[in-house]
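Data block below; observations after.
2 protein chains.
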Amino acid sequence: MSRRSGILEFAVLGLLRESPMHGYELRKRLNTSLGIFRAFSYGTLYPCLKTLVANGWLIEETGGEAAPPPASGRGVASTSSLAGRRAKIVYRLTAEGKEHFEELLSHTGPDAWEDEHFAARFAFFGQTEREVRMRVLEGRRSRLEERLEKMRASLARTRERLDDYTLELQRHGMESVEREVRWLNELIESERSGRDQRRSSPEGSTRHDTSGETGGLPRNRDNTRPDPSDDTK
Amino acid sequence: MSRRSGILEFAVLGLLRESPMHGYELRKRLNTSLGIFRAFSYGTLYPCLKTLVANGWLIEETGGEAAPPPASGRGVASTSSLAGRRAKIVYRLTAEGKEHFEELLSHTGPDAWEDEHFAARFAFFGQTEREVRMRVLEGRRSRLEERLEKMRASLARTRERLDDYTLELQRHGMESVEREVRWLNELIESERSGRDQRRSSPEGSTRHDTSGETGGLPRNRDNTRPDPSDDTK
DNA sequence: AATTTCATGTAATTCGTTACATGATTCC
DNA sequence: GGAATCATGTAACGAATTACATGAAATT
Chain A
1 MSRRSGILEF AVLGLLRESP MHGYELRKRL NTSLGIFRAF SYGTLYPCLK
51 TLVANGWLIE ETGGEAAPPP ASGRGVASTS SLAGRRAKIV YRLTAEGKEH
101 FEELLSHTGP DAWEDEHFAA RFAFFGQTER EVRMRVLEGR RSRLEERLEK
151 MRASLARTRE RLDDYTLELQ RHGMESVERE VRWLNELIES ERSGRDQRRS
201 SPEGSTRHDT SGETGGLPRN RDNTRPDPSD DTK
Chain B
1 MSRRSGILEF AVLGLLRESP MHGYELRKRL NTSLGIFRAF SYGTLYPCLK
51 TLVANGWLIE ETGGEAAPPP ASGRGVASTS SLAGRRAKIV YRLTAEGKEH
101 FEELLSHTGP DAWEDEHFAA RFAFFGQTER EVRMRVLEGR RSRLEERLEK
151 MRASLARTRE RLDDYTLELQ RHGMESVERE VRWLNELIES ERSGRDQRRS
201 SPEGSTRHDT SGETGGLPRN RDNTRPDPSD DTK
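Quick note, the sequences are listed as chains A and B, same order. Here the first sequence stands for residues 1 to 233, where the numbers follow full-length UniProt numbering. Here the second sequence stands for residues 1 to 233, where the numbers follow full-length UniProt numbering.
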């Protein structure tokens, strides 16, 4: 069976949906373009790709002609077409894969509000139905509000017994969560007022500049860990 | 050898240093008092405790293995069945354990600036030498600044190709990191001004006033609340 | 009396990393 | 021709979770 990672599977499917890629590039996109994801290692990625192929969500397209059974008629010639470099194994989403991804997109389990999961969901909001986006945002918010409740309670209970540093750490942690809640509030407000009803095409952006004041933070801790095989190094 | 979790080991040692406890309580402290820690499960905690005992850093104190262990005379031994009642096991730090913990406290490897590790270190700053605190805070800060650099680069590189949501996620992530940097700056400033408040000779007596932080951390506000139980699950 | 909370554990499983191998291509 | 980077994998291990199993104490 292939109860693979969930988040990795989801992200891979989502990225490949935009365009076919080989493993190496995929990993880079995972770490940079979707900055939220922690750096998955090849030891994780490649086996996952195999599983996805085995499930029929992906097919491999080898660029090399050495293989006699290239069954599927693919028009992608080994050279020329792809900007200068030629990859060994290009993964492409199958129809079933696409279907599976859509299904994952619309399925909102209570998993979807957890830190990493939420970030992954959010990263593909461009492909997500508005209704689902709402559910995810609101789910996340109430998850955080729960968390806040506990933190407040704990703080009240232990206030006297702790030293300044511990207290400060808790205070800071709580503030972070509060910020994320505010951020979510703004996003939800945006969705409601119908900011952009988008479709999957990456069109121009209505960016408000990066110095915007939409305080808060989703990706709290554990983002990227140092990685031996890290890019941009 | 037991290259156990590192952070769990560290936290357990640190908590037990303050006072002996049994496993169940330990876990609660891990989740609440030191709110930063993700909720370790019993499946993680108990085996870890065993390892620590095996290493000689802890000893188990069962209700008293001699004959009459009931502590305060109570309905003991009602279970006619032998084997003694299943007693609480209180763990106490041994001298070696204490020594080991001090060693961990003063050792600053590049691990120490990683997210979870850092939080654990910070939580025990009360027991930590000022000099070491400085190293950890500054190490953490430069780790984050590195991170920011990468994020900025990535953002600049991909700005055009991404949709609004992805961009927003990245923006938000960056802001979070920036915010933590500012926090660290304040803390570092506090440490600096807290040191040698009175008549500072660079050396002199190395009194460590672990409790009365003259520098003063940013104070926090009141949150009074009663509260029933809590448990992260 | 029944339920909840306290308390301790184990086995199987999931998720992911490190370290190791290998080779092709590009840049200097 | 040698280094760096691109590219793909595997085996061994690591850390932590879940689900299971047990039982005592306190509450209702």
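We put the CB at the ideal spot given by N, CA and C, even for glycine. Note that the structure is a prediction, hence the values are computed from the model and not measured.
Leaving out five residues on either side along the sequence, give the residues of the same chain with a beta carbon under 7 Å from the beta carbon of residue i.
i, result
"PHE101 of chain A", "LEU13, GLY14 and ARG17"
"ALA112 of chain A", "PHE118, ARG121, VAL136 and GLY139"
Find the nearest neighbour of residue i within the set the options, judged by alpha-carbon distance.
i, options, result
"PHE10 of chain B", "B:LEU30, B:HIS22, B:MET21 and B:GLU25", "B:LEU30"
"GLY20 of chain A", "A:GLY139, A:ALA112, A:GLU60 and A:ASP111", "Rather than Gly, the amino acid found at residue 20 of chain A in this sequence is Pro. PRO20 of chain A has its Cα closest to that of A:GLU60, out of A:GLY139, A:ALA112, A:GLU60 and A:ASP111."
"THR117 of chain B", "B:ARG27, B:GLU25, B:LEU34 and B:LEU26", "The identity of residue 117 of chain B in the sequence shown is His, whereas the question assumes Thr. Minimum Cα distance to HIS117 of chain B is reached at B:LEU34."
"ARG150 of chain B", "B:ARG161, B:TYR24 and B:GLN170", "Note on identity: in this sequence residue 150 of chain B is Lys, with Arg being the wrong assignment. Of the listed residues, the one whose Cα sits closest to LYS150 of chain B is B:GLN170."
"SER154 of chain A", "B:GLU25, B:ARG27, B:GLU160 and B:THR32", "B:THR32"
"ASP115 of chain B", "B:ASP164, B:LEU49, B:ARG182 and B:ARG38", "B:ARG38"
"ALA123 of chain A", "B:LEU184, B:ASP163 and B:LEU26", "B:ASP163"
"TRP183 of chain B", "A:TYR165, A:TYR24, A:ARG152 and A:LEU26", "A:TYR165"
Would you please verify whether the beta carbon of residue i is less than 7 Å from any beta carbon of chain B?
i, result
"GLY6 of chain A", "no"
"PHE101 of chain A", "no"
"residue 236 of chain A", "With chain A covering only 1 through 233, there is no way to say anything about residue 236 of chain A."
"ALA39 of chain A", "no"
"PHE10 of chain A", "no"
"THR44 of chain A", "no"
"PHE125 of chain A", "yes"
"PHE118 of chain A", "no"
"VAL132 of chain A", "no"
Taking the alpha-carbon positions, what's the residue i to residue j distance?
i, j, result
"VAL177 of chain A", "GLU186 of chain A", "14 Å"
"SER142 of chain A", "MET174 of chain A", "15 Å"
"VAL53 of chain A", "LEU167 of chain A", "49 Å"
"PRO47 of chain B", "PHE40 of chain B", "12 Å"
"GLU96 of chain B", "LEU58 of chain B", "8 Å"
"THR128 of chain B", "HIS107 of chain B", "11 Å"
"HIS172 of chain B", "THR158 of chain A", "32 Å"
"ARG161 of chain A", "HIS22 of chain B", "19 Å"
"LYS50 of chain A", "LEU49 of chain B", "38 Å"
"GLY109 of chain B", "GLU99 of chain A", "47 Å"
"GLU25 of chain A", "GLU131 of chain A", "32 Å"
"ASP42 of chain A", "ALA156 of chain B", "The question names Asp, yet the displayed sequence has Tyr at residue 42 of chain A. Going from the Cα of TYR42 of chain A to the Cα of ALA156 of chain B covers about 26 Å."
"TYR91 of chain A", "TYR91 of chain B", "53 Å"
Take residue i and list the residues in its own chain whose beta-carbon comes closer than 8 Å to its own, dropping the five residues that flank it on each side.
i, result
"GLU180 of chain B", "LEU144"
"ILE188 of chain B", "MET134, LEU137, GLU138 and ARG141"
"ARG147 of chain B", "VAL177"
"ARG152 of chain B", "MET174"
Between residue i and chain A, is the shortest Cβ-Cβ distance under 7 Å, so that the two count as touching?
i, result
"ASP163 of chain B", "yes"
"SER154 of chain B", "yes"
"LEU30 of chain B", "no"
"ALA71 of chain B", "Its pLDDT being 39, under 50, ALA71 of chain B is placed unreliably in this model, and the value from its coordinates should be taken loosely. For ALA71 of chain B, the answer is no, since every Cβ of chain A falls outside 7 Å of its Cβ."
"THR166 of chain B", "yes"
"GLY139 of chain B", "no"
"GLY109 of chain B", "no"
"LEU169 of chain B", "yes"
Within the same chain, show all residues whose beta-carbon is closer than 6 Å to that of residue i, passing over the 5 residues directly before and after it, in chain order.
i, result
"LEU104 of chain A", "PHE10"
"THR62 of chain B", "ALA87 and ILE89"
"PHE125 of chain B", "ARG133"
"GLY6 of chain B", "none"
Could you check how far apart the C-beta atoms of residue i and residue j are, in whole angstroms? I think they sit under 8 Å.
i, j, result
"LEU93 of chain B", "THR44 of chain B", "About 20 Å; that fails the 8 Å criterion."
Measuring only from the beta carbon, is residue i closer than 6 Å to any heavy atom that is part of the ligand FMN?
i, result
"HIS107 of chain A", "The ligand FMN is absent from the structure shown, which contains no ligands of any kind."
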